Every structure is written in C-alpha cells, then in structure tokens.
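*Asks:* Numbering (my numbering), first residue to last: 1 to 240.
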C-alpha cells in the first residue's frame, strides 16, 4: 500500500506539472525562443497548440486592436513588443525594457517622411496602440520623454545647425503633441527633446547606418524607479 500511495502521489505531481506548463504565456514564450534562435521557423508545439480561448495575461495585439486590460507597468513592454512582432515591424520599431523603464525606437521613417515632421498614418496607428496601453497605468508612469534624432548628411561636415535642431525638435514635439491630445496622462509628465545629429547609433557613411540614425525614441519611466539617463539606456542596449 505504501508503494502504491507513493506512485499515486508522483502521478499527481506529474499532472500538476503538465497543467502548469500548459498555461505558459504565449507571447513571452515566443519572444524568449526567438531571442535564442532568431531563425527558428517553428516556435513551439506548446504555443501552436494553445486553445484560442485560453485566459492569458496578454490581450490580442494584432491588426488595429488596442490594449484594454493592462494592470502593471511591465505589461506595457510585453504588449508593445508583441505588437511589433505580430505586425512584422521589427525592422522599423525596437522595444526594449529595463529596470523601471520601457524604451521604444522608431526607425526608417515609420513616423515621418524624409525632412518632414508631419506624422504618417502608419505612425499614428502604432502611437494609438501605445497610448491605449499607457492610459490604464498612467498613474504608474513617472515621465514620457520623446527624443528626436537626425543623421549627418555629409560624413565630413556637420549639418546646418538651425535645420538640424528644428527638424529633430519638431519631430519630437509632434509625437508629444499627438500623445498629449489623447488626454491619457498628466501633461506635466510629457517632455520632448531634439538632440539633432549628436547621439548617433551608427556611422554616417553607409546609407543603412544613416537610416538608423534618423529616428524618434520614447523613454517611458516608472514612478518610484531610479532615474535613468539616455547614456545608461544605450549602455544597456550595447550589453544586450
């Protein structure tokens, strides 16, 4: 009888383990697997066979869906990252998370046409999605910094100061105004900065690198977290 009861106990533990594994977070599992093997064509049988009605921490983020049930600051990072992956935006939008912040980089003119600062329709769509995620946790947000960057047109000569600074500042301000007009957060938490050409993330020589320098970044920090500088964020990106 003792041996039999031990076997039943082990079977019970085994089925509890199977049940726990069956509730793995679909989005986080996919992100983990892809980060370890970016070329994987099949992510996991666990993910592929999950039922559509299964209750998970994440909501649908495909298409024009908006976020409705975010309850924590960290969820914003996962939702944005999932949205970018599901909509094949990884070449244009990068989402990273750190201790007390979410950092989003918009690249390759996804928000603006060249030398313009009028938001494109596709840029408005992804900003709408971001705003819908910020709204339910606005009390947990310390600050939203919108950072505008330009590329140096001639690798051997700095840009003309006025045009460079105004383009970077106007783009950052345009994104900030769009967010503020949604009335999702206290306006005093919104800041825009135009850095111009002075925070490049790549050389100015090759066109592919120059496209990376033309970007708008959004740094969202959590209330109560230690302040983080742009240099610290870039340092962490370099480590990753």
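Note that beta-carbon positions come from the ideal geometry of N, C-alpha and C, so glycine has one too. Owing to the predicted nature of the structure, the values given are computational and were not obtained by experimental measurement.
Given a threshold of 16 other Cβ atoms within 10 Å of its Cβ, counted over all protein chains shown, does residue 111 qualify as buried or as exposed?
*Replies:* Its Cβ being crowded by 16 or more others within 10 Å, residue 111 is buried.
*Asks:* Check each candidate in 222, 186 and 150 and name the one with the smallest Cα separation from residue 202.
*Replies:* Out of 222, 186 and 150, 150 has the C-alpha closest to the C-alpha of residue 202.
*Asks:* Hey, how far is the Cα of residue 222 from the Cα of residue 141?
*Replies:* When rounded, the distance between both Cα atoms is 5 angstroms.
*Asks:* Under 7 angstroms, do residue 183 and residue 146 count as touching if we go by C-beta distance?
*Replies:* It is not a contact, given that the beta carbons lie outside the stated cut-off.
*Asks:* For residue 159, count neighbouring C-beta atoms within 10 Å of its own C-beta (all shown protein chains included) and say buried if the count is 16 or more, exposed if not.
*Replies:* Buried: at least 16 other Cβ atoms inside 10 Å.
*Asks:* Does the segment 208 to 225 come close enough to the segment 94 to 108 to have 3 or more Cβ pairs within less than 8 angstroms?
*Replies:* Verdict: yes, contact present.
*Asks:* Taking the Cβ atom as the reference point for each residue, do residue 204 and residue 152 lie within a distance shorter than 7 angstroms?
*Replies:* In this structure, residue 152 lies closer than 7 angstroms to residue 204 by Cβ.
*Asks:* For residue 144 versus residue 220, is the C-beta spacing smaller than 7 angstroms?
*Replies:* Against a cut-off of 7 angstroms, the Cβ pair of residue 220 and residue 144 comes out as a contact.
*Asks:* Look at residue 80 and residue 96 and say whether their C-beta atoms are less than 7 angstroms apart.
*Replies:* Result no, Cβ atoms of residue 80 and residue 96 do not sit closer than 7 angstroms.
*Asks:* Of the choices 9, 14 and 105, whose alpha-carbon is the least far from that of residue 234?
*Replies:* Out of 9, 14 and 105, 105 has the C-alpha closest to the C-alpha of residue 234.
*Asks:* Let me know the beta strand (DSSP E) ranges lying completely inside the segment 124 to 197, each 3 residues or longer, listed in chain order.
*Replies:* Taking only runs of at least 3 residues, the beta strand (DSSP E) segments lying wholly in the segment 124 to 197 are 141 to 149 and 190 to 196.
*Asks:* Do the CB positions of residue 216 and residue 148 come within less than 7 angstroms of each other?
*Replies:* In contact: residue 216 and residue 148 (Cβ atoms closer than 7 angstroms).
*Asks:* Within 10 Å of its beta-carbon, does residue 82 have 16 or more other beta-carbons around it, so buried, or fewer, so exposed?
*Replies:* Buried is the call here.
*Asks:* Measure the C-alpha to C-alpha separation of residue 214 and residue 74 and round it to an integer number of angstroms.
*Replies:* Near 28 angstroms, if we compare the C-alpha coordinates of residue 74 and residue 214.
*Asks:* Pull up the CB-CB distance for residue 66 and residue 14, whole angstroms please, since I reckon it's below 8 angstroms.
*Replies:* With 8 angstroms as the limit, residue 66 and residue 14 do not qualify as a contact, their Cβ atoms being about 41 angstroms apart.
*Asks:* Going straight from the alpha carbon of residue 108 to that of residue 72, what length do you get?
*Replies:* Rounded to whole angstroms, residue 108 to residue 72 spans 30 angstroms at the Cα level.
*Asks:* Where do the N-terminal and C-terminal ends of the alpha helix (DSSP H) with residue 84 fall, by residue?
*Replies:* It spans 73 to 86 - the alpha helix (DSSP H) in which residue 84 sits, taken as one unbroken run.
*Asks:* Apart from the five residues on each side of it in sequence, which residues of its chain come closer than 6 angstroms, Cβ to Cβ, to residue 211?
*Replies:* Correct list, in chain order: 108.
*Asks:* Can you name, in chain order, every residue of its own chain whose Cβ lies under 7 angstroms from the Cβ of residue 194, other than the five neighbours on each side?
*Replies:* Excluding positions up to five away in sequence, the list reads 148, 165, 168, 169 and 172.
*Asks:* What are the partner residues of residue 103, as DSSP defines its beta bridges?
*Replies:* According to DSSP, which records beta bridges pairwise, residue 103 is partnered with 96 and 219.
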